[in-house]
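Its first residue numbered 0, the sequence shown is counted upward by one per residue in numbering that gives the first Met the number 0.
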Amino acid sequence: MKKIRLLTPGPTPVPERLSLRMAQPIVHHRSPEFEQVFARCREGLSWLFQTKQDVIQLAASGTGAMEASLVNFLRRGDEAIVVDAGKFGERWGKLAKSYGVNPVTLKVEWGNAVDPGAVAAALKEHPNARAVFVQANESSTGVAHPVEKLARVTKNHPAILVVDAISALGAFDLPFDAWGIDVMVSGSQKALGLPPGLAFLAASEKAWKLNETADLPRFYFDLKRERDNQRKNQTAWTPAISLVEGLDESLQMFREEGLQACFARHERLARGARAGMQALGLELYSKAPSAAMTTVLAPQGTDSEKLVKHLFKQYGIKLVGGQEAAKGKIFRIAHLGYFDDFDMLVVVGAVERGLKDLGAKVQLGAGLAAAQAAMAEAGAPTGPQLRG
Ligand SMILES: *Cc1c(COP(=O)(O)O)cnc(C)c1O
C-alpha cells in the first residue's frame, strides 16, 4: 500500500472538514442562507488580508485575480515595473504585454530576491510607471521577495505595488494595510487548503483612485461592479457556491488556530525542512527562502526529475521538480497549508530513502534527526486541537 501525499505548491491537501462541508447539498446563491455565508467570508478574508478594504472574491484560478489586478488599474500604453525572478514573475510580464501595457522587466537571477534599491532606481528612470508587479513567494524558486521594503519604495511614488500572494497568504505575514500594499491577490488551492477555483483581491485607496481612469478592456473581471455587488453580499455572476462554503470553513480553521500561530507553524516547518535537507549534505536553492516552501539542489550526479518521479512511483510522495533553467537541478517541497511537524518528517524521510535508492551518498536518518531537532527547538505547536 502507498498513501498518496501531496507536498506541492498548489494544489495542497484539502482537510477532511472542508471536503465534508463542500459535499453538503448545494444552496441557491440568491438566498439569505448563502448571503450569510458570503458575508462571513468577506469579513474573514479582510481579517486574513489584515485590511479594512473589501476583499473581492472571484470564481477563477489565481491567474484570474492577477489579470484583474492589471486590467482594473492601468491604461493602455502605461509602463509597469515587472519583477521577473521566475515563472510567476514572467507571467506578470506576459499579462501586461497581452493588454498593451509596457513592462519594464527587472530580471533577477533565479533563486534570488529582488533588491528594493533596483526597484527604486527603475521607478526613478521610469517616472511614468503606474505599477510595480511582484510575487510575495515566487513558487518556481521558493524565494520570498521583500514586500515590506518594496511598499516603502512605492509609497512616495504614483505607482501602485501589486503583490501576487497566491502561494504566500496564510503562510507568512503580509499585513496589507500596515505595510501599504496597494493590490494583493491570492487563490484557494494554496495555504487555504481548498480545491482550485476561487481567487481573491484587495485594493488600496490609491489603487481604487487609478481604477477611475483605467481603460483596459474588462467584463467578467470588472472589480468596481463586483465590489458594488459584494458589499450587498451578492456577486455579479454565479459564484463558485460550494467553494465559498469551503472557504467559510477554511477561514474558521484559521481563526481557531490564530494568525500568528499559523505563521509560526509555517516558519517551524520551513526550519525543519531546511535543517533536514542540509543535514543530508544538500544545498538550499533559494537565497531568500520563504516559509511556504523549501527548494533544494539535488546532489551532484542526481537528476532531480528522476528523484521526483521515483518518490511518487515508489512511495506516493508528490513533490515537484524545477522549471526551465532549474529543471533536473532542483526539487521543491511545499509546506503551506494543512501540514504539521510530522508531515515534515514524512517528506524528509522520503527524500532520504529516495536519494539512497538512486545511489546518492546519504546517511539514512541524518535528515530526520536534524529536522526533529530544528522543529523541537522552534517550539511546540500552539492553539487548540484542530479537527481536520
Ligand atoms: C499557484 C500560483 C499562481 C496561480 O496559478 P493558477 O494556476 O492560476 O491558480 C500564481 N502565482 C503564484 C506565485 C503561484 O504559486
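Note that beta-carbon positions come from the ideal geometry of N, C-alpha and C, so glycine has one too.
Everything numeric in this text was worked out from a predicted model, so none of it was measured.
**Message:** Between the alpha carbons of Met276 and Met292, how many angstroms are there, rounded?
**Reply:** Rounded to the nearest whole angstrom, the C-alpha separation of Met276 and Met292 is 13 Å.
**Prompt:** Pairing CB atoms from the region 37 to 45 with CB atoms from the region 353 to 368, are three or more of them under 8 Å?
**Reply:** Segments in contact, no.
**Gln277, DSSP secondary structure in three states** = Helix.
**Message:** Just to confirm the assignment: which complete alpha helix (DSSP H) runs, minimum length 4, are found wholly within the region 100 to 141?
**Reply:** Qualifying alpha helix (DSSP H) stretches, in chain order: 115 to 124.
**Request:** Return yes when the C-beta of Thr7 is under 7 Å from any heavy atom of ligand 1, and no when it is not.
**Result:** Not one heavy atom of ligand 1 is found less than 7 Å from the C-beta of Thr7.
**Item:** Between the CA atoms of Asp221 and Gly169 - distance to the nearest angstrom
**Value:** Taking the straight line joining both Cα atoms gives about 26 Å.
**Asked** Are the CB atoms of Val162 and Ala206 nearer to each other than 8 Å?
**Response** Taking 8 Å as the cut-off, the beta carbon of Val162 is found no closer than this to the beta carbon of Ala206.
**Item:** Cα-Cα separation, Phe199 to Lys1
**Value:** Their Cα atoms are separated by approximately 35 Å.
**Message:** Measuring CB atoms only, is the region 56 to 63 touching the region 25 to 32, in the sense that at least three cross pairs come out at less than 8 Å?
**Reply:** Short answer: they don't touch.
**Prompt:** Just to confirm, does Asp342 get its C-beta within under 7 Å of one of the non-hydrogen atoms of ligand 1?
**Reply:** Of the heavy atoms belonging to ligand 1, none sits nearer than 7 Å to the Cβ of Asp342.
**Asked** What span of residues does the beta strand (DSSP E) with Asp83 cover, start to end?
**Response** Per DSSP, Asp83 belongs to the beta strand (DSSP E) from 78 to 83.
**Reduced DSSP category for Pro31 - H, G, I as helix; E, B as strand; rest coil** = Of the three classes helix, strand and coil, the one that applies to Pro31 here is helix, per DSSP.
**Request:** Using 10 angstroms around the beta-carbon of Ile332, count the other beta-carbons present and answer buried if the total reaches 16, otherwise exposed.
**Result:** Burial check for Ile332: the Cβ neighbour count within 10 Å reaches 16 or more, so the residue is buried.
**Asked** To the nearest angstrom, how far is it from the Cα of Phe48 to the Cα of Lys360?
**Response** Looking at the two C-alpha atoms, the distance is approximately 44 Å.
**Prompt:** In the DSSP assignment, what residue or residues form a beta bridge with Phe199?
**Reply:** For Phe199, which the question treats as bridged, DSSP gives the partners Gln56, Ser185.
**Prompt:** Where Arg4 and Asp339 are concerned, what is the direct C-alpha to C-alpha distance, given to the nearest angstrom?
**Reply:** Distance between the alpha carbons of Arg4 and Asp339: 13 Å.
**Asked** Within 7 Å: the Cβ of Ser166 and any heavy atom of ligand 1?
**Response** Checking every heavy atom of ligand 1 against the Cβ of Ser166, one is found closer than 7 Å.
**Prompt:** When burial is assigned at 16 or more other CB atoms within 10 Å of the CB, is Lys189 buried or exposed?
**Reply:** Buried, because 16 or more other Cβ atoms sit within 10 Å of the Cβ of Lys189.
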